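Numbering (the working numbering), first residue to last: 565 to 936. Where a beta carbon is used, it is the ideal one built from N, C-alpha and C, also for glycine. Keep in mind that this is a model prediction, so the values were computed, not measured. Take a look at the structure below.
Dropping the structure here:
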């Protein structure tokens with residue numbers, strides 16, 4: 565490997581499309597199509613902060629090798645939106661800058677594992693850019709280095725976070741050297757500037773033991789299937805989303821609220837009913853804007869297990885869809901009305917029985933008197 569790891573020679577990314585949404589039993593989950601994207605470097609190599617990998621040694625570099633902590637951005641195809649990302653695979657290169665959303669499932673090269681990604685998720689939600697630069701420095705109980713611009717300070721915090729992520733995902737190949745003595749780490753040549761990277765790295769690595777689940781975008785119609793009579797309201801159905809409005813349409817019937825008013829849009833937790841005049845099947849479709857959350861993994865579109873992986877450090881928008889099926893049955897037939905209410909017939913029957921009992925008692929009394 566060269567003195568600057570090959571991961572910094574090219575970096576590509578994709579932002580966004582959603583994976584299948586998590587959903588409970590009987591719910592109709594969102595379906596999304598992964599979206600491709602292209603890499604965006606936020607720093608040139610000359611502007612990038614340098615760190616030192618103590619585990620990357622050779623005859624010329626017995627104390628470690630310099631590496632670039634170059635900030636990575638992921639740009640959505642067809643959009644100007646760019647989201648910050650981190651590398652989660654120190655040992656592999658990027659061949660093609662086109663990426664597609666992956667998952668936390670185990671992969672062929674074994675890096676990173678779901679357990680490692682759980683710790684990385686903690687890092688992402690407790691560091692930059694979820695937290696501001698000052699908040700991260702305060703959490704690490706570190707001190708701002710002197711004579712450091714805001715831009716360089718941001719790069720130092722990013723570098724400390726990237727270093728912590730590599731420590732968690734590639735601990736067999738990466739370890740941050742605790743000082744830059746004897747190295748030229750310009751533009752962060754000052755000892756206190758490099759020391760801030762070390763402080764943030766150590767804080768995040770030591771604190772990132774809390775387990776976390778893989779994040780998912782979400783749009784669900786619950787329940788996914790239901791049946792009911794023609795001419796009656798069938799439901800309720802509930803829309804579950806990560807936020808924003810879902811647009812609803814129906815084929816073979818109509819959608820109404822509890823008061824029978826038409827429904828075309830609902831937010832998270834909104835309820836609707838299906839109405840159809842004739843037996844058959846009604847299909848309900850929901851479309852909405854969801855978000856691909858922090859912590860989603862992106863892999864190379866070609867050779868996903870062979871090249872470097874990235875992880876989302878911000879939230880990206882995406883389109884989500886969900887559907888539900890309703891079986892409409894014929895109306896249940898009712899007994900014909902003959903003009904006499906059932907309650908009246910029952911009352912008459914009770915009176916007749918009571919009259920018969922009274923007559924029987926009178927006859928028995930007369931027999932007793934005659935015998936006496």
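Close CB contacts of residue 747 within its chain, under the 7 Å cut and outside five residues either way in sequence, are with 616, 630 (chain order). In the three-state DSSP reduction, residue 800 falls in the strand class (E or B). Annotated as distal: residue 684 and residue 764, with beta-carbon spacing of 9 Å or more.
Nearest neighbour of residue 736 by Cα position, chosen from 622, 638, 653, 860, turns out to be 653.
Between residue 607 and residue 613, the C-beta spacing is below 9 Å.
Take the alpha-carbon of residue 676 and the one of residue 713: they are about 34 Å apart.
DSSP places residue 731 in no beta strand (DSSP E) but in the uninterrupted alpha helix (DSSP H) bounded by 714-733. Within the model, the alpha-carbon separation for residue 742 versus residue 762 is close to 6 Å. Between the segment 829-847 and the segment 885-898 there are three or more C-beta pairs closer than 8 Å, enough to call the two in contact. Non-local C-beta neighbours of residue 863 in its own chain, meaning closer than 6 Å and more than five positions away in sequence, comprise 666, 873, ordered along the chain. Bridge pairing for residue 603: 638 [DSSP]. Residue 852 sits in a strand when the DSSP states are folded into three classes. Between the C-alpha atoms of residue 668 and residue 897 there is a straight-line separation of about 54 Å. For residue 731, the CB contacts under 6 Å within the same chain, skipping 5 residues up- and downstream, are 769 in chain order.
Taking 9 Å as the cut-off, the Cβ atoms of residue 797 and residue 827 do not count as close.
One alpha carbon belongs to residue 884, the other to residue 782, and they sit about 8 Å apart. Between residue 706 and residue 695, the C-beta spacing is not below 9 Å. Listed in chain order, the non-local C-beta contacts of residue 693 below 7 Å within the same chain comprise 648, 877, 878, local neighbours out to five positions each way being set aside. The DSSP-derived three-state label of residue 789 is strand.
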